[in-house]
Ligand SMILES: NC(=O)c1ccc[n+]([C@@H]2O[C@H](COP(=O)([O-])OP(=O)(O)OC[C@H]3O[C@@H](n4cnc5c(N)ncnc54)[C@H](OP(=O)(O)O)[C@@H]3O)[C@@H](O)[C@H]2O)c1
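In this note's numbering, the protein residues as written are 119 to 385.
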């Protein structure tokens, strides 16, 4: 498993993490993923999967980088602190590696939210602060209220079928060395399925490159995401075999030509 630096923290984390939204696979796939080097696990208070993540990391907590999120409905100062404490309890740990704001919510003053996030780092309950689904203006405003810490990541949707962040958010984050955690990297499984008899041109190209590389289509799709330096991908699977397959998206590289062909086909 290749590693990438989280933001400018000096901390290296796996370039493929394990997503857990709608996760129902129990501890086994998560433990297998960790064993294969996918030592970043993404969860959220809103997923109701923090307890299974806690169970999966028992005994190996120090090897795993846990990313969780405070819900967009809990962004008041006291609510953020309370949510973090509840997440710590469910995860069975005394620190969260990356605490992310799940969605921006203008109902709450972001100043208050960021003060609480800073307070959690001051207290040693959180190591790093991240956001999710924030645009550039929202990131800048959030950062302006965080005096002593940097926002190290933004978790956003990114896959071959949805490249909208390439317009401005991705270049903005790359320039500032802010990590992009790419969610839904398989486009909810669509990029991992062999096309039926009627194949779109883009799926034909993905299939061709899968044959050339000897990698599964989903592995090609995930490897395309992580071919950008600042991007880490967090696919989710309930299944053991698929988790193993997804972890195998790292450790090899698409050629620049193959990346160009994918970029053209999925433009
Ligand atoms: N911050 C946010 O707002 C946000 C939003 C969405 C997602 N996320 C995060 O990103 C993670 C991943 O995103 P996602 O769950 O939306 O989508 P995804 O990872 O693109 O796709 C998951 C779907 O693909 C299937 N799948 C996984 N691996 C496969 C493989 N190798 N071959 C064939 N099918 C495969 C899964 O089925 P099985 O499980 O049955 O294998 C599931 O139906 C989430 O779990 C969550 O942690 C964050």
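From the three backbone atoms N, C-alpha and C, an ideal C-beta is built for every residue, glycine too. Since we're looking at a predicted model, the values are computed, not measured.
Looking only at DSSP bridge pairs, what is residue 135 linked to? On the chain shown, residue 135 is found 17 positions in, with the first residue counted as 1. For residue 135, which the question treats as bridged, DSSP gives the partners 158.
Residue 130 (DSSP reduced to helix, strand or coil): In the chain shown, counting from the first residue as 1, residue 130 sits at position 12. Of the three classes helix, strand and coil, the one that applies to residue 130 here is strand, per DSSP.
Among 144, 129 and 124, which residue has its Cα nearest to the Cα of residue 356? Counting from one through the chain shown, the residue named residue 356 turns up at place 238. Residue 144 is the option with its Cα nearest to residue 356.
Rounded to the nearest angstrom, what separates residue 200 and residue 266 at their Cα positions? The count along the chain shown starts at 1 and reaches residue 200 at position 82. The count along the chain shown starts at 1 and reaches residue 266 at position 148. In a straight line, the C-alpha of residue 200 is about 22 Å away from that of residue 266.
Use the C-beta contact count for residue 254: other C-beta atoms within 10 angstroms, 16 or more gives buried, fewer gives exposed. Locating residue 254 in the chain shown gives position 136, counting from the first residue. Residue 254 comes out exposed.
Range of the contiguous beta strand (DSSP E) that encloses residue 188: As a working mapping, residue 188 is identified with position 70 in the chain shown. Segment 183 to 188, the beta strand (DSSP E) holding residue 188.
Could you tell me the alpha carbon to alpha carbon distance between residue 213 and residue 181, rounded to whole angstroms? As a first step, residue 213 is located in the chain shown; it is residue number 95 there, counting from the start. As a first step, residue 181 is located in the chain shown; it is residue number 63 there, counting from the start. The straight-line gap from Cα to Cα measures roughly 13 Å.
Taking only runs that begin and end inside the stretch 190 to 240, name each unbroken beta strand (DSSP E) of 3 or more residues, in chain order. 214 to 219
Residue 371, buried or exposed, once every other Cβ within 10 Å from all chains shown has been counted against 16: Taking the chain shown and counting its residues from 1, one reaches residue 371 at position 253. Residue 371 comes out exposed.
Tell me the DSSP secondary structure of residue 175 in three-state form. Counting from one through the chain shown, the residue named residue 175 turns up at place 57. Note: residue 175 maps to helix in three-state DSSP.
Contact check, residue 297 vs residue 350 under 8 Å by CB: the rounded distance? In the chain shown, residue 297 corresponds to position 179, counting from 1. In the chain shown, residue 350 corresponds to position 232, counting from 1. About 6 Å; that satisfies the 8 Å criterion.
Rounding to the nearest angstrom, what Cα-Cα distance links residue 382 and residue 338 in this structure? Here residue 382 refers to the residue found at position 264 when the chain shown is read from its first residue. Here residue 338 refers to the residue found at position 220 when the chain shown is read from its first residue. Near 15 Å, if we compare the C-alpha coordinates of residue 338 and residue 382.
Presumed contact (8 Å Cβ cut-off) between residue 348 and residue 284, rounded CB distance: The sequence position of residue 348 within the chain shown is 230, counting from 1. The sequence position of residue 284 within the chain shown is 166, counting from 1. Actually they are not in contact, since the Cβ atoms of residue 348 and residue 284 sit about 12 Å apart, beyond 8 Å.
Cutoff 8 Å; reference residue 233; Cβ partners in own chain excluding five residues on either side: For the purposes of this step, residue 233 is identified with residue 115 of the chain shown, where counting begins at 1. Here the set comprises 195 and 263.
Could you please give the first and the last residue of the uninterrupted alpha helix (DSSP H) stretch that includes residue 390? With the chain covering 119 to 385 only, the question about residue 390 has no answer from this structure.
Rounded C-alpha distance that separates residue 249 from residue 269: For this step, residue 249 is matched to residue 131 along the chain shown. For this step, residue 269 is matched to residue 151 along the chain shown. Taking the straight line from one Cα to the other gives about 7 Å.
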